[in-house]
Structure formats: structure tokens, C-alpha cells
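Okay, so the sequence shown: first residue is 10 according to this note's numbering, each after it adds one. Yeah, the Cβ is synthetic: ideal placement off N, Cα and C, and Gly gets one too.
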Amino acid sequence: RGEPIQLDYRLEKTSDASGAWKIYDLNVLGAWLVQTYKTQFAQEINAKGIDGLIATLAERNKSNARKN
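The following block contains the structure:
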């Protein structure tokens, strides 16, 4: 068992009838995931365009699905 770390999260209330809350962003050790992915996505868009980003994400999803 490792050392405890600070974990922050951001929530939003869903607009459906359930009124449930969903986590949409996590901060682990000072890095917000949305900001991290935004930077990565911007690099991919600059290199390959939006269609390239979509293709990369689709391929990554397929690859991850095969692993599970």
C-alpha cells in the first residue's frame, strides 16, 4: 500500500430526470486531466488535423477494447 495522495474532482449535475452528479475532471498531484488532454489533443490536431485526432482516438479505443 502506497502513500496517500490528494485527489480533487469537479462535478456537474446531469440534465436528465435522475439529477445525478457525474465527475468530469480529476486533479491528481496537481494535474487536471481535462487540461492535460486538451494539450495532447491540440498537439495531435496541429500535426494531423481534427480528422487525424478522431482517427487516433478511434484506434486507441479499439486497441484498449482488445486488451480487455
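I need the DSSP call for residue i, collapsed to helix, strand or coil.
i     : result
Leu35 : strand
Check for me: the beta strand (DSSP E) holding residue i runs from which residue to which?
i     : result
Asp17 : Leu16 to Lys22
For the alpha helix (DSSP H) containing residue i, list its first residue and its last residue.
i     : result
Asp60 : Leu42 to Lys76
Are there three or more Cβ pairs, one per stretch, closer than 8 Å when the segment 32-44 is compared with the segment 13-22? yes
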